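For reference, the structure discussed in these notes is given below.
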Amino acid sequence: MAYSHRMSKGMILIILSITISAVFSQSHHHDIATAVDQTFHLVDFDPKDGYLEIQELTAGFHYMDKNGDGVLSFDEYANVTSTDAIQHDIFNHYDSNNDGVLQKSEYVDTPFSLMDHNGDGLVTRHDYDHFYTDMIHHILQNNGHHGRK
């Protein structure tokens, strides 16, 4: 876990970038896609090889889990995100079982497996960008935010 500090910065920036993009719900699809794309290099750090591995996301999850209980409460999640209204929508999107906390499976494992189309344990920049851009659009459309494409 020697890289958790570097990962924490990356995860924070991902969350902030995506949240900020989503909050500006009048932004064009291209603006959201560009903001998401700019975060890829922040999480692809160990090794910095152009592919995202699950360990890189897992390190961010553990950094955010301040009390070490293996789940992210909304307070832990909100501690590293902006205070925008959409952060609740993003948290709830990840909380697939609606128990009010994010398990690693909800926040890391499931999204990673959805991005890793061929199951080789590596996520390309294109797959990452596509997944998170679609996620933001889904949240905006289903939670009363009306962004432009």
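Residues -25 to -1, 1 to 124, numbered by mature numbering (1 follows the signal peptide of the UniProt record, and there is no 0), are exactly what the sequence shown covers, in order.
The beta-carbon is built from N, C-alpha and C at its ideal position, and this holds for glycine as well.
The model shown is predicted, which means the values in this text are computed figures rather than measured ones.
So, with DSSP's three-state summary, where would you put residue i?
i	result
Tyr(-23)	At Tyr(-23) the pLDDT is 45, less than 50, meaning the model places this residue with poor confidence; the figure from the coordinates comes in the next sentence. Looking at Tyr(-23) - three-state DSSP - the assignment turns out to be coil, as it is neither helix nor strand.
Ser71	coil
Ile83	In the sequence as presented, Ile is not what sits at residue 83; that position holds Val. Val83 falls in the helix class under three-state DSSP.
Leu77	strand
So, are the CB atoms of residue i and residue j less than 8 Å apart?
i	j	result
Asp109	Met90	no
Ile111	Ile29	no
Leu32	Asp40	no
Here's the rule I'm using: 16 or more other beta-carbon atoms within 10 Å means buried, otherwise exposed. How should residue i be labelled?
i	result
Asp24	exposed
Gln1	Residue placement at Gln1 cannot be trusted, given a pLDDT of 45 that sits under 50; what the coordinates show is reported in the next sentence. By the 10 Å Cβ count, Gln1 comes out exposed.
Can you tell me the Cβ-Cβ gap for residue i and residue j, rounded? I've got them flagged as a contact below 8 Å.
i	j	result
Arg100	Phe15	5 Å
Asn118	Asp84	Contact doesn't hold; Cβ gap of about 24 Å is too wide.
Taking 7 Å as the line, does the beta carbon of residue i fall inside it for any heavy atom of the ligand SAM?
i	result
Ser80	Of ligands this structure carries none, so the ligand SAM is not represented either.
**OP:** Please specify which runs of the alpha helix (DSSP H), each continuous and at least 4 residues long, are wholly inside the region 21 to 55, giving them in chain order.
**Re:** Runs of the alpha helix (DSSP H) lying entirely within the region 21 to 55, each at least 4 residues long, are 29 to 39, 49 to 54 in chain order.
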